[in-house]
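Q: Residue numbers (this note's numbering), protein chains in the order written: chain A, 7 to 102; chain B, 437 to 584. Each residue gets a CB set at the ideal place from its N, CA and C atoms; glycine is no exception. Since this is a predicted model, take the numbers as computed values, not measurements. Before we start, here is the structure in question, set down as structure tokens.
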């Protein structure tokens, strides 16, 4: 962090992966640091994950049905995320 | 609390009696019970595991019930949804609504169930003889929720 210029904002979010995506990513969640000079959104989180390639790029590709929540509220790619937020990534729900 | 997520089974008669309580203004009780089938998409089902997103699930169900209260003239409402391992024939979900007259009870019960299917963060993973598989969301469920 000492190398990050003062003008660049870092946002740390807690990611939660659920159901089929938890299995596809072989992870229940992680901490992710976003670095940007703008207000970050769910879209920035998705872009960071997609850039890993493999299952990340495949599951989060355009056209795939993926749902998001920020701090337990339904969210969209344009939803803002701030430091300390919990961002969940999951498939369409199938309860009931 | 009228929204519960639990591994344990529920007793419908007991839950309906508790929901009605001593409210003699209740003239109608509508309920829906979802159960595990032994077949889905022409494959036999040995059972299923229901996963959810703790915290968001309860908030989502409470929000749906609050919307039903605002939209329909009802007396009370209850949602119980089970999670964990379930076998064919097991109860999965109970939605029950009390109101003065049947129309509002029927409508509110269906409303809560339709929204739960598309908004509450639950996922089903079926056990079949060919292996485990995640249940895919149905377009008909999205259409049912959009009707409202």
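Anyone know if the C-beta pair for residue 455 of chain B and residue 512 of chain B falls short of 7 Å?
A: Yes, Cβ-Cβ distance for residue 455 of chain B and residue 512 of chain B is below 7 Å.
Q: Within 7 Å (strictly less), CB to CB, does residue 556 of chain B reach chain A?
A: Yes, contact with chain A.
Q: Does the beta carbon of residue 559 of chain B sit closer than 7 Å to a beta carbon anywhere in chain A?
A: Yes, its Cβ sits closer than 7 Å to a Cβ of chain A.
Q: Counting only C-beta atoms, is residue 492 of chain B closer than 7 Å to chain A at any point?
A: It does: the Cβ of residue 492 of chain B has a partner Cβ on chain A nearer than 7 Å.
Q: Given that residue 514 of chain B touches chain A, what residues does it touch there, using C-beta distances under 7 Å?
A: Within chain A, no residue comes near residue 514 of chain B; the closest Cβ sits about 15 Å away, beyond 7 Å.
Q: Under 7 Å, do residue 562 of chain B and residue 469 of chain B count as touching if we go by C-beta distance?
A: Against a cut-off of 7 Å, the Cβ pair of residue 469 of chain B and residue 562 of chain B comes out as no contact.
Q: Determine, using beta carbons only, whether residue 539 of chain B comes closer than 7 Å to chain A.
A: No, residue 539 of chain B lies away from the interface with chain A (no Cβ there is under 7 Å from its Cβ).
Q: What residue does the beta strand (DSSP E) around residue 504 of chain B start on, and which one ends it?
A: Where residue 504 of chain B is concerned, there is no enclosing beta strand (DSSP E), although the alpha helix (DSSP H) it sits in stretches over 492-507.
Q: What are the uninterrupted segments assigned as beta strand (DSSP E) that are 3 or more residues long and contained completely in the stretch 25-77 of chain A, given in chain order?
A: Counting whole runs of 3 or more residues, the stretch 25-77 of chain A contains the beta strand (DSSP E) stretches 35-42 and 73-76.
Q: Can the beta-carbon of residue 544 of chain B be found closer than 7 Å to that of residue 500 of chain B?
A: It is not a contact, given that the beta carbons lie outside the stated cut-off.
Q: May I ask you to report which of helix, strand or coil DSSP gives residue 17 of chain A?
A: In the structure shown, residue 17 of chain A sits in a strand (DSSP, three-state: E or B).
Q: Do you know how far the Cα of residue 517 of chain B is from the Cα of residue 526 of chain B?
A: Residue 526 of chain B and residue 517 of chain B: Cα-Cα distance of roughly 12 Å.
Q: In terms of alpha-carbon separation, which member of B:570, B:546, B:439 and B:565 lies closest to residue 582 of chain B?
A: Closest option to residue 582 of chain B, Cα to Cα, is B:546.
Q: Closer than 8 Å is the cut-off here; do at least three beta carbon pairs connect the stretch 65-81 of chain A with the stretch 439-447 of chain B?
A: Cβ pair count under 8 Å is below three, so no.
Q: Is it buried or exposed for residue 575 of chain B, if we count other Cβ within 10 angstroms and need 16 for buried?
A: It counts as exposed.
Q: According to DSSP, residue 86 of chain A sits in a beta bridge with which residue or residues?
A: Its beta-bridge partners are A:47.
Q: With H, G and I counted as helix, E and B as strand and the rest as coil, what does DSSP make of residue 102 of chain A?
A: Residue 102 of chain A: coil per DSSP, three-state reduction.
Q: Any idea which residues DSSP pairs residue 468 of chain B with across the strands?
A: Residue 468 of chain B is bridged to B:531.
Q: So does the stretch 47-59 of chain A actually touch the stretch 549-562 of chain B, counting three or more Cβ pairs closer than 8 Å?
A: With a cut-off of 8 Å, the stretch 549-562 of chain B and the stretch 47-59 of chain A do not count as touching, because too few Cβ pairs lie within range.
Q: Which residue or residues does DSSP assign as beta-bridge partners of residue 480 of chain B?
A: According to DSSP, residue 480 of chain B bridges with B:475.
Q: Do residue 93 of chain A and residue 15 of chain A have their CB atoms nearer than 7 Å?
A: Not closer than 7 Å, so no.
Q: Who are the near neighbours of residue 37 of chain A in its chain, counting only those whose CB is closer than 8 Å to its CB and skipping five residues on each side?
A: Closer than 8 Å at Cβ, skipping near neighbours: 18, 19, 20 and 21.
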